[in-house]
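What follows is a single structure, written as C-alpha cells, with notes after it.
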Amino acid sequence: MRWSTYRTSDGDEQVGLWRGDRLHPVPGASSLLELIARERLATAAEEVGEAIDPGTVTLLPPIPRPPSIRDFMAFEEHVVTASAAIGLTVDPLWYEQPCFYFTNPSSLRGPHDEVPVPPGSGALDYELEIAAVIGREGRDVAPADAGDHIAGYVLFCDWSARDLQGTEMKLNLGPAKGKDFASSCGPWMVTPDELVPTAAMAASVNDRPCSAGRLDALYWSFAQMIAYASRGTRVVPGDLIGSGTVGTGCLLELSRVHGSDAYPWLQPGDHVHLEAEGLGAIDAGIVPGPDPIPLKEA
Numbered sequence: 001m002r003w004s005t006y007r008t009s010d011g012d013e014q015v016g017l018w019r020g021d022r023l024h025p026v027p028g029a030s031s032l033l034e035l036i037a038r039e040r041l042a043t044a045a046e047e048v049g050e051a052i053d054p055g056t057v058t059l060l061p062p063i064p065r066p067p068s069i070r071d072f073m074a075f076e077e078h079v080v081t082a083s084a085a086i087g088l089t090v091d092p093l094w095y096e097q098p099c100f101y102f103t104n105p106s107s108l109r110g111p112h113d114e115v116p117v118p119p120g121s122g123a124l125d126y127e128l129e130i131a132a133v134i135g136r137e138g139r140d141v142a143p144a145d146a147g148d149h150i151a152g153y154v155l156f157c158d159w160s161a162r163d164l165q166g167t168e169m170k171l172n173l174g175p176a177k178g179k180d181f182a183s184s185c186g187p188w189m190v191t192p193d194e195l196v197p198t199a200a201m202a203a204s205v206n207d208r209p210c211s212a213g214r215l216d217a218l219y220w221s222f223a224q225m226i227a228y229a230s231r232g233t234r235v236v237p238g239d240l241i242g243s244g245t246v247g248t249g250c251l252l253e254l255s256r257v258h259g260s261d262a263y264p265w266l267q268p269g270d271h272v273h274l275e276a277e278g279l280g281a282i283d284a285g286i287v288p289g290p291d292p293i294p295l296k297e298a
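The numbers in full-length UniProt numbering rise by one with no breaks, and the one at position 151 of the sequence shown is 151.
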C-alpha cells in the first residue's frame, strides 16, 4: 500500500491511499501517524472514499511532524568517497557500529516544496536517501525483531550546506546549521511488503543525470540501524530512520571524483529531481534564502 498526507484547497490536512494514479481519502483519519500508532492501516484501507485528482491537492511529507529524525550513514561507497573529499580516511569504527545524527523535524518539507538556500551558504548540496518509518514503539530492539517495528519506507533528501557543515564541525559538534534548515520527504510511504529490496535510486539537476545507486548496497541494514537507534532508549511511531546517502548520491562525492566545475553546488533557479523505484520522486526548486543576521555588533 502507498499512503500520503495532503492538504486540500481549504487548508485541511487529510490522509489518502493510492490506487494506481488516484488518491482515495480516508474518512475520519486525523493523521497517518495515528493510523500507524493504532495499527489501523489495513482497516483504513477498506474504508477509503471516492478517488480525488492528486493535482487538486498539495502533497505533504507522509508524516508531516515526526517525533524525531535520525539520519544514518550506512552506504559504504558514500562514506569512503565523502571522507576523501574532505581529506579524511574512513575510521575502522564505522565498520563496527553504525552512526547517525539527529536533524530537525520542524524543517521537514513535502516532495514538491521549494528549498531556500540557508543563510550564509554558498555550497548547497542534496543527499539521495531512503528512510524507514517506525510503526511500533521499542527499546533495545534486536536486529532480528526490528522488521516488526517498521510501518513503511519513504524517499528522503537530507539537504546539506557543505561550507557551514565543515566550519561548525571543526568545533567537534554538529552537523547543526549545515543540516537543520531543510529535509524533503515523500510523496508517499510504502508498506514493507511493497519495498523493492534492490530499488534503483537516481538524482538529476536541471534534467542532467547525476546520481545512480541501489538500496541493496547498504552496508548496515535498516534492522541494524533501528537496533542501534533503540539501544538504551526508545524508538516511537512516526520516527524516521534515514539510510544516509547512497553511493554517488550527492554533489560532494561527484565533485570529488569528477571535479567541482563538472558538478557545482546548487544555486537559486536549479531544479533537483530525486527518485527511487517504488517510492516516487521529490522535485524541488532551489530559491534564494535570507542573509544571516549578525550575532554580535561589529
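Using N, Cα and C, we set each Cβ at its ideal position, and we do this for glycine too.
Helix, strand or coil for residue i, going by three-state DSSP, please let me know.
| i | result |
| --- | --- |
| glutamate 76 | helix |
| residue 303 | No answer is possible for residue 303: it lies beyond the span of the chain, which begins at 1 and ends at 298. |
| threonine 180 | A small fix is needed here, since residue 180 is aspartate in this sequence, not threonine. Here aspartate 180 sits in coil by DSSP. |
| histidine 271 | strand |
| glutamate 129 | strand |
| serine 204 | strand |
| serine 9 | coil |
| glycine 232 | coil |
| aspartate 239 | coil |
| serine 83 | helix |
| tyrosine 95 | helix |
| serine 160 | strand |
Determine the closest residue to residue i out of the options, with distance taken between C-alpha atoms.
| i | options | result |
| --- | --- | --- |
| proline 116 | Glu253, Leu295, Gly285 | Gly285 |
| threonine 5 | Ile63, Ala84, Cys99, Gly49 | Ile63 |
| serine 221 | Ser243, Val236, Arg214, Met201 | Ser243 |
| serine 107 | Ala42, Glu297, Ala176 | Ala176 |
| glutamine 14 | Thr58, Arg38, Phe102 | Thr58 |
| isoleucine 36 | Thr8, His24, Trp3, Thr56 | Trp3 |
| glycine 152 | Trp188, Tyr126, Glu129 | Trp188 |
| proline 66 | Glu297, Phe102, Thr8, Glu168 | Phe102 |
| aspartate 12 | Leu60, Ala74, Ala281 | Leu60 |
| alanine 202 | Leu155, Gly122, Gly178 | Leu155 |
| arginine 231 | Tyr263, Asp53, Leu93, Phe100 | Phe100 |
| phenylalanine 75 | Ala281, Trp265, Glu253 | Glu253 |
| proline 119 | Pro264, Pro268, Ser68, Ser204 | Pro268 |
| valine 80 | Arg70, Pro92, Ile69 | Pro92 |
| threonine 245 | Pro264, Arg214, Gly259 | Arg214 |
| proline 209 | Glu114, Glu34, Leu128 | Leu128 |
Suppose you measure from the CA of residue i to the CA of residue j; what does that come to, to the nearest Å?
| i | j | result |
| --- | --- | --- |
| alanine 82 | histidine 112 | 27 Å |
| arginine 40 | glutamate 46 | 10 Å |
| alanine 44 | isoleucine 241 | 24 Å |
| histidine 271 | alanine 161 | 16 Å |
| alanine 212 | proline 290 | 32 Å |
| arginine 22 | lysine 170 | 49 Å |
| residue 352 | isoleucine 293 | Absent from the model: residue 352. The displayed extent of the chain is 1 to 298, so no value can be given. |
| glutamine 97 | phenylalanine 72 | 11 Å |
| glycine 178 | isoleucine 282 | 21 Å |
| histidine 24 | methionine 1 | 12 Å |
| leucine 195 | serine 255 | 31 Å |
Please classify residue i as buried or exposed, where buried requires at least 16 other C-beta atoms within 10 Å of its C-beta.
| i | result |
| --- | --- |
| leucine 173 | exposed |
| proline 105 | buried |
| aspartate 261 | exposed |
| tyrosine 95 | exposed |
| glutamine 165 | buried |
| arginine 109 | buried |
| valine 287 | exposed |
| valine 257 | exposed |
| glycine 249 | buried |
| serine 184 | buried |
| leucine 17 | buried |
| glutamate 50 | exposed |
| leucine 295 | exposed |
| threonine 233 | exposed |
| glycine 247 | buried |
| leucine 124 | buried |
| alanine 199 | buried |
| serine 9 | exposed |
| arginine 38 | exposed |
- prompt: Hey, is the region 216-236 in contact with the region 126-142, meaning 3+ C-beta pairs nearer than 8 Å?
  reply: When Cβ pairs closer than 8 Å are counted between the two stretches, the region 216-236 is seen to touch the region 126-142, the count reaching three or more.
Open item on the list: For the pair the region 19-28 and the region 211-218, tell me if three or more CB-CB distances fall below 8 Å.
Closed with: no
Check: Counting pairs of beta carbons, one from the region 264-284 and one from the region 228-238, are three or more of them closer than 8 Å?
Finding: no
### Query
Can you find at least 3 beta carbon pairs, one from the region 136-154 and one from the region 86-100, that sit closer than 8 Å?
no
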